[in-house]
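Remarks on the structure that follows.
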Amino acid sequence: MNSAADPEGRRTAPAQPWSRFFLPVIAVLAFLLLWECYARLVNPGPTVLPPLSQVVAAGWGDRINLASSLWPTVVEVGVGFAVSVTLAFLLSLVIQLIPSVRRAVLPLLIGSQTVPLVVLAPLFVVWFGFGLLPKVLLIALVTFFPIVVALLDGYASADRESVTVLQTMGANRWQEYRLLRLPGALPALFTGIRISITYAVVAAVFAEYAGAERGLGVYLQGASKSFRTDLVLAGVLVSAVITVVLFVVVTAVERACLPWHAGVKAVTP
Amino acid sequence: MTAVEAAPNAGARGITVEHLSKTFGSLAVLDDVSLQVRRGEFVSILGPSGCGKSTLFSLLTGVHDPDSGRCFIDGEPLAPSRRPFAWMPQRDALLPWRTVSGNVALGAEVAQGMRRRHARAATAHLLQDFGISEFADSLPHEISGGMRQRVALARTIAQNRNIALLDEPFGALDALTRTDLQLWLESMWRTERWSVLLITHDVREAVLLSDRIYVLSDRPARVVGEFSVDLPRPRTIDLLAAPKVAALEVELLHALGGTRSD
Numbered sequence: 039m040n041s042a043a044d045p046e047g048r049r050t051a052p053a054q055p056w057s058r059f060f061l062p063v064i065a066v067l068a069f070l071l072l073w074e075c076y077a078r079l080v081n082p083g084p085t086v087l088p089p090l091s092q093v094v095a096a097g098w099g100d101r102i103n104l105a106s107s108l109w110p111t112v113v114e115v116g117v118g119f120a121v122s123v124t125l126a127f128l129l130s131l132v133i134q135l136i137p138s139v140r141r142a143v144l145p146l147l148i149g150s151q152t153v154p155l156v157v158l159a160p161l162f163v164v165w166f167g168f169g170l171l172p173k174v175l176l177i178a179l180v181t182f183f184p185i186v187v188a189l190l191d192g193y194a195s196a197d198r199e200s201v202t203v204l205q206t207m208g209a210n211r212w213q214e215y216r217l218l219r220l221p222g223a224l225p226a227l228f229t230g231i232r233i234s235i236t237y238a239v240v241a242a243v244f245a246e247y248a249g250a251e252r253g254l255g256v257y258l259q260g261a262s263k264s265f266r267t268d269l270v271l272a273g274v275l276v277s278a279v280i281t282v283v284l285f286v287v288v289t290a291v292e293r294a295c296l297p298w299h300a301g302v303k304a305v306t307p
Numbered sequence: 112m113t114a115v116e117a118a119p120n121a122g123a124r125g126i127t128v129e130h131l132s133k134t135f136g137s138l139a140v141l142d143d144v145s146l147q148v149r150r151g152e153f154v155s156i157l158g159p160s161g162c163g164k165s166t167l168f169s170l171l172t173g174v175h176d177p178d179s180g181r182c183f184i185d186g187e188p189l190a191p192s193r194r195p196f197a198w199m200p201q202r203d204a205l206l207p208w209r210t211v212s213g214n215v216a217l218g219a220e221v222a223q224g225m226r227r228r229h230a231r232a233a234t235a236h237l238l239q240d241f242g243i244s245e246f247a248d249s250l251p252h253e254i255s256g257g258m259r260q261r262v263a264l265a266r267t268i269a270q271n272r273n274i275a276l277l278d279e280p281f282g283a284l285d286a287l288t289r290t291d292l293q294l295w296l297e298s299m300w301r302t303e304r305w306s307v308l309l310i311t312h313d314v315r316e317a318v319l320l321s322d323r324i325y326v327l328s329d330r331p332a333r334v335v336g337e338f339s340v341d342l343p344r345p346r347t348i349d350l351l352a353a354p355k356v357a358a359l360e361v362e363l364l365h366a367l368g369g370t371r372s373d
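Just so you know, the sequences run in chain order A and B. Heads up, the first sequence is in the numbering used here, so the first residue is 39 and it goes up one at a time. Heads up, the second sequence is in the numbering used here, so the first residue is 112 and it goes up one at a time.
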């Protein structure tokens, strides 16, 4: 236990591995290169698979349309995700503090995840119209579940001895939650957020596909109907980039908010 | 030491535990355990591993309810709502997101219902006393195992309860750090005179630290012997060479050995 500590009893920080940054970049570049080479060598045709360079050029040429379509989608994702995290947190709180709610609500929660999006997205348009609301609801529905599960798992994984220490101090259920279970669940919460944020953009595009006036989904639909595969793929690239950016932002926020967690992971093998 | 039924240690200053028994299912864990810790006394409970020593603490802290038995503080029966015990587990169980000072303050925050800032101010002197003020703003993973135990002990003392229950507090440490911390704890105890009940299976630790030692049998745990440690304080390493210490250790080992069921 003492091996990583200097004589004053202070631990030394471990070095950051270089592979954290370079390996994913190399993998992405390799994939893009493979795409370019395949499309040029096999040449399946511009409506099947145009090479990456053409996709980028087409997307750049249409950048004004693309950008104006992107913005509504980003707003939907932002609002939808905020609603999702808030609802997930509140529900997890109620489930944690009132155990009978867990048994009552869990089947509903799981059931909500089995409804196919293909069916639900047009229904939401019928029920809630073409505006922001159906998109926000669809994003929340898709991203909500992993966050609730992550939070509940996080609460349950609280260190048993710490629980006992608090109980022997005379802590009540709320103190136990506030002082131990909630802060201890934050790493799990961020894991849940990172998983579900990758669904958020897809869900937004899907909701727009089903019915919207503007957005990346509308753009993709238009490009697809006019057989502009290059623009479709440009839109897909943009949504992929957005998702990666969101993922990285969440990870950065996690590091800023939970400095103790990275340290604990580094120390305990 | 044996209790008189009518007036159980009435007037005795300190904690008296009488006829505590506990069974989990068909497993008898504690059998009629009685013991006493006087004000400012350091008492150890020495017993084989897994004999039910920790169960005794869980009964005292209210994690489990005893099947029978009673508890008195200064001769008065103990109200279950007001627990006079502060528990320190073998693993420090520090909250990894709280700094050293935050972890110590937790004791005052929860056990005494203080506001966080008030609790920090009230426990600041403990950091000084325990030699951990240098690490006040460090997170637990940044300091060594020995330091963490000091923080855990400070958190225990910060609860300001009558008796500190130390459950093999140095069991997870290497031998050198353990000896250092035992001597450190002894010196801290000498100046502060807390009432301490220490669980250990380490004969030497019990001798080095205690005023009195209760020896418990293998499960179900019964008190099979009570020993006074008639050694001068401060206790030092050199003391371990004294014939008196060796004789006491042999006596304790015999008492422990006689408890083996196999």
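Backbone N, C-alpha and C define an ideal beta-carbon position, used for all residues, glycine too. Being a predicted model, the structure only gives us computed values, none of them experimental.
With its beta carbon at least 8 Å from every one in chain A, R231/B lies outside the interface. When 7 Å is used as the limit between beta carbons, S200/A is near these residues of chain B: A204, L206, in chain order. Under the Cβ distance rule, V221/B counts among the residues neighbouring chain A, one pair being separated by less than 8 Å. Within chain A, the residues whose beta carbon sits less than 8 Å from that of G218/B are M207, listed in sequence order. Within the region 199–258 of chain B, complete alpha helix (DSSP H) segments of at least 4 residues are found at 211–222, 227–240, given in chain order.
For L189/B, the number of other beta carbons within 10 angstroms of its own is at least 16, and it is reported as buried. In the DSSP assignment, the residues bridged to I156/B are I310/B, Y325/B. Taken atom to atom, the span from the alpha-carbon of P145/A to that of L276/B is near 44 Å.
The three-state reading of DSSP puts S195/A in coil, since its state is none of H, G, I, E or B.
The C-beta distance from L108/A to V270/A rounds to 14 Å, too long to meet the 8 Å contact threshold. If you draw a straight line from the Cα of L135/A to the Cα of A194/A, it is about 12 Å long.
V128/B is classed as buried because its beta carbon has at least 16 other beta carbons within 10 Å across all chains shown.
Look at F265/A here: in three-state DSSP terms it is coil, with no helix or strand label. Below 8 Å, too few C-beta pairs join the region 145–164 of chain A and the region 220–234 of chain A to call them touching: fewer than three. According to the DSSP assignment, R58/A belongs to the alpha helix (DSSP H) that extends over 57–79. If you draw a straight line from the Cα of F246/B to the Cα of L264/B, it comes to about 15 Å.
At a beta-carbon threshold of 9 Å, none of the residues of chain A lie near P195/B; the nearest stands roughly 11 Å away. Nearest to I348/B by alpha-carbon distance, out of V334/B, E316/B, S339/B, is E316/B. In this structure, L104/A is the residue among P62/A, S200/A, L104/A with its C-alpha nearest to the C-alpha of A261/A. If you look at Q151/A, you'll find it isn't in any beta strand (DSSP E); DSSP assigns it neither H nor E. Per DSSP, the beta bridge partners of K133/B are L141/B.
Contact annotation: L363/B and V314/B have beta-carbon atoms nearer than 8 Å. Note that the C-beta distance between L319/B and I268/B is not below 8 Å.
Between S155/B and L309/B the beta-carbon gap is near 5 Å, inside 8 Å, which marks them as a contact. Residue pairing by DSSP puts G336/B in a beta bridge opposite V326/B. Within the region 173–184 of chain B, the residues whose Cβ lies closer than 8 Å to some Cβ of chain A are G173, V174, listed in chain order. Of the candidates V286/A, S106/A, V187/A, T181/A, T181/A places its Cα closest to the Cα of A242/A. Annotation: V291/A has no Cβ neighbours in chain B at a cutoff of 7 Å; minimum Cβ distance is about 16 Å. Only buried fits K133/B, as 16 or more other CB atoms lie within 10 angstroms of its CB. Nearest to L254/A by alpha-carbon distance, out of V156/A, R101/A, G83/A, is R101/A. Assignment of beta-bridge partners to I126/B by DSSP yields V148/B, I184/B. When CB distances to chain B are screened at a threshold of 7 Å, the residues of the region 171–204 of chain A falling below it are D197, E199, S200, T202, V203, L204, in chain order. Separation of the CB atoms of I184/B and I126/B is rounded to 6 Å, and the pair is thereby assigned contact status at 8 Å. At a Cβ-Cβ threshold of 8 Å, H312/B and S169/B do not count as neighbours.
At a cut-off of 8 Å between C-beta atoms, P154/A does not count as an interface residue with respect to chain B.
Contact annotation for L227/A against chain B: no contact, minimum CB-CB distance about 13 Å [criterion: below 8 Å].
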